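Those protein sequences? They're chains H and D, same order as listed. To convert, note that position 89 of the first sequence is 89 in the numbering used here; the numbers rise steadily by one, no gaps. To convert, note that position 22 of the second sequence is 22 in the numbering used here; the numbers rise steadily by one, no gaps.
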Amino acid sequence: MAEKNELRMTRVFDAPKRLVWEAWSKAEYVQRWFTPAPLTTPKCELEFRNGGRFYLVMNMNGVDLPMDGRFEEIVPEEKIVFTATIHGGVDVRTTVTFSENAGKTTLAVHQTYSKETEATRGAHAGWTSTLDQLDAFTKSRK
Amino acid sequence: MEQQYALDVTFAALAHPTRRAIVARLAKGEATVMELAKPFAISQPAISKHLKVLEEAGLVTRGREGAARPCRLEPRRLGEAMKWMERFRRHWEESFDRLDVLLVEMKEKEKEKRRGRKE
């Protein structure tokens with residue numbers, strides 16, 4: 001069983017590792033995919049090296065939400081570890097690992113939260129599929 | 001604070017594969033304990049124990065009608081638990097959807113470059 005304050009997920013991309021790595025390591029690309037809708041990313045600066053800083057400004061309906069973080073570890077085309085503080089005081093540590101098989105790249109994301117909040121409590125991948133199945137149910141009952 | 005406690009109880013209740021399976025089954029419609037026990041290799045009393053945990057967490061209620069007392073899902077508590085999970089999971093899923101689109105574009109550009117070099 002997974003630990004309480006963590007989230008794990010994987011996703012396969014139909015592209016070689018080299019390109020997926022590029023999409024993570026260049027600000028011009030990160031700016032285009034990283035921020036979840038409806039947020040936009042008017043500013044993105046990356047010092048893509050061990051110990052380098054990253055600075056993102058996300059915007060939601062005209063309000064700027066800056067995010068400041070640090071690359072803890074970078075192993076080219078293998079692994080990126082970064083930390084950031086979100087939602088007023090939750091330290092998030094994210095590890096992303098890259099692996100390639102037959103031209104497709106698998107990304108594994110492992111996120112841990114150092115301060116337990118309502119938002120992170122029990123982030124448990126095992127629940128995901130159950131919750132998926134239940135999504136339609138709760139919507140139909142609202 | 002009270003809501004946080006409710007979330008704790010909800011996730012503790014869902015932290016067992018049998019109970020998750022029961023919840024998933026009830027999402028399709030109400031069922032009696034006997035019907036719920038059928039797909040599992042465990043006894044009815046064991047199922048009843050799991051149901052009790054789900055009931056105490058407010059995820060499941062039992063009907064009053066008849067001896068069978070059918071079980072049904074309570075959507076409200078579940079909805080609260082889903083909200084926070086959604087935030088983090090959605091973040092990555094949405095972002096990765098956009099990464100997918102970007103990668104298609106990057107692959108195309110690379111192909112064009114290679115074509116250009118050949119000419």
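Glycine included, C-beta positions come from ideal geometry on N, C-alpha and C. Everything numeric in this text was worked out from a predicted model, so none of it was measured.
Span separating the alpha-carbon of cysteine 44 (chain H) from that of arginine 117 (chain D)
32 Å
Classification of lysine 17 (chain H) by the beta-carbon crowding that lies within 10 angstroms, buried from 16 upward
buried
Rounded separation between arginine 64 (chain D) and alanine 27 (chain D) - CA only:
19 Å
Give me the Cα-Cα distance between lysine 111 (chain D) and leucine 102 (chain D), rounded to the nearest whole angstrom.
14 Å
Where phenylalanine 96 (chain D) meets chain B, residues with beta-carbon distance less than 7 Å:
Of the chains in the structure shown, none is chain B; the protein chains are H and D.
Quick test of your reading: tryptophan 33 (chain H) and serine 95 (chain D), contact by CB under 8 Å. State the CB separation rounded to the nearest angstrom.
6 Å
Beta carbon of threonine 40 (chain H), beta carbon of asparagine 59 (chain H): below 7 Å?
yes
Isoleucine 74 (chain H), enclosing beta strand (DSSP E) - first and last residue:
63 to 75
Shortest alpha-carbon distance to leucine 46 (chain H) belongs to which of H:Met67, H:Val63, H:Pro38?
H:Met67
Less than 6 Å separating the Cβ of arginine 32 (chain H) from some heavy atom of the ligand FMN?
Of the ligands one can find in the structure shown there are none, so the ligand FMN has no counterpart to examine.
Does any C-beta atom of chain D lie closer than 7 Å to the C-beta of leucine 56 (chain H)?
no
Closest to glutamate 55 (chain D) by C-alpha separation, out of D:Glu30, D:Cys71, D:Ser43, would be which residue?
D:Cys71
Which value, in whole angstroms, describes the spacing of the CA atoms of aspartate 64 (chain H) and tyrosine 55 (chain H)?
13 Å
Note down the Cα distance separating alanine 41 (chain D) from arginine 89 (chain D), rounded to an integer number of angstroms.
32 Å
Below-7 Å beta-carbon distance, lysine 107 (chain D) vs any chain H residue
yes
Which residues of the region 17 to 39 of chain H have a Cβ closer than 9 Å to any Cβ of chain D? Give them in chain order.
Leu19, Val20, Glu22, Ala23, Trp24, Tyr29, Arg32, Trp33, Phe34, Thr35, Pro36, Ala37
Would you mind telling me which residues of chain D sit closer than 8 Å to valine 109 (chain H), beta carbon to beta carbon, in chain order?
Trp92
DSSP three-state assignment for threonine 40 (chain H), whether helix, strand or coil
strand
Measuring alpha carbon to alpha carbon, tell me which residue in H:Ile74, H:Tyr29, H:Leu107, H:Pro42 is nearest methionine 106 (chain D).
H:Tyr29
Arginine 73 (chain D) lies in the alpha helix (DSSP H); which residues open and close that run?
According to the sequence shown, residue 73 (chain D) is leucine rather than arginine. Careful: leucine 73 (chain D) lies outside any alpha helix (DSSP H), inside the beta strand (DSSP E) at 71 to 73.
Using DSSP with H/G/I as helix, E/B as strand and the rest coil, what is aspartate 100 (chain D)?
helix
Does the beta-carbon of arginine 121 (chain H) have 16 or more other beta-carbons within 10 angstroms, so that it is buried, or is it exposed?
Summary for arginine 121 (chain H): the model assigns pLDDT 44, below 50, so the residue's position carries little reliability; its value from the coordinates is reported in the next sentence. Label assigned to arginine 121 (chain H): buried.
Roughly how many angstroms separate the alpha carbons of arginine 20 (chain D) and phenylalanine 11 (chain D), rounded to a whole number?
10 Å
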